[in-house]
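Heads up: the sequence shown at position 139 corresponds to 139 in this note's numbering, and the numbers run straight through without jumps.
Glycine included, every Cβ here is placed at the ideal spot set by N, Cα and C.
Keep in mind that this is a model prediction, so the values were computed, not measured.
Okay, so here's the structure we're looking at.
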Amino acid sequence: MCPDHTPQRPVEVHQPTPIPPPVVQPAPVVPVQPGTVPAVASIVLPDGRVVTGYAIDPARPEPVTAKPAVSRTAVNAALGGVGFLAVCGGLLLLTSFITALTAFITQLITLAAVIFGGWIAIQVLGTNGHKGGTTVHIRRAVIKRNHFHG
Numbered sequence: 001m002c003p004d005h006t007p008q009r010p011v012e013v014h015q016p017t018p019i020p021p022p023v024v025q026p027a028p029v030v031p032v033q034p035g036t037v038p039a040v041a042s043i044v045l046p047d048g049r050v051v052t053g054y055a056i057d058p059a060r061p062e063p064v065t066a067k068p069a070v071s072r073t074a075v076n077a078a079l080g081g082v083g084f085l086a087v088c089g090g091l092l093l094l095t096s097f098i099t100a101l102t103a104f105i106t107q108l109i110t111l112a113a114v115i116f117g118g119w120i121a122i123q124v125l126g127t128n129g130h131k132g133g134t135t136v137h138i139r140r141a142v143i144k145r146n147h148f149h150g
């Protein structure tokens, strides 16, 4: 027991699990066409060991195609901007034309209303066949003894 009178846990011991050595798989065999057996090369390492194997041609990079000075994306964006500006200019002209046409039609309607309204006013307020003024029919009167007999 511990000095503070608490029971201790039993000590557990874990043994490590051994890792098996890696399984070495043989390298795949590359079929070689008859008559084209590559040359065998040997090199001596600095510690004296000799390594023998087939010589492998270094991988050659693909030829680099010449890229244009300006990317196609930039050219497409520029052409799109020019086209957009052309359309905006055309829309501006179309808007101006529609505004002018609307003003012209409004003036024609106003002129027609003034002319037609004047004609209507003349028809309603005008005298039928009279040239204006008040017409008084005067009859021949007989005046006897300062009395008017009409």
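- Query: Is the Cβ of Pro10 closer than 8 Å to any Cβ of chain B?
  - Reply: Absent from the structure is chain B; it holds one protein chain and no more.
- Query: If you run the structure through DSSP and keep just helix, strand and coil, what is Gly53?
  - Reply: Here residue 53 refers to the residue found at position 53 when the sequence shown is read from its first residue. Here Gly53 sits in strand by DSSP.
- Roughly how many angstroms lie between the CA atoms of Ser96 and Pro63, to the nearest whole one? Position 96 of the sequence shown, counted from the first residue, corresponds to residue 96. Position 63 of the sequence shown, counted from the first residue, corresponds to residue 63. Taking the straight line joining both Cα atoms gives about 57 Å.
- Query: Taking just the CA atoms, how far does Ile115 sit from Thr99?
  - Reply: Counting from 1 along the sequence shown, the entry for residue 99 is found at position 99. Counting from 1 along the sequence shown, the entry for residue 115 is found at position 115. Roughly 25 Å between the two C-alpha positions.
- Leaving out the 5 sequence neighbours to the left and right, which residues in its chain are closer than 6 Å to Thr52 when beta-carbon positions are compared? As a working note, residue 52 is residue 52 in the sequence shown. The residues are Ser42.
- To the nearest angstrom, how far is it from the Cα of Pro46 to the Cα of Ile19? Counting from 1 along the sequence shown, the entry for residue 46 is found at position 46. Counting from 1 along the sequence shown, the entry for residue 19 is found at position 19. Straight-line spacing of the CA atoms in Pro46 and Ile19 works out to 33 Å.
- Message: For Ala74 and Leu93, what's the separation of their Cα atoms in angstroms?
- Response: Indexing the sequence shown from 1 puts residue 74 at position 74. Indexing the sequence shown from 1 puts residue 93 at position 93. Near 29 Å, if we compare the C-alpha coordinates of Leu93 and Ala74.
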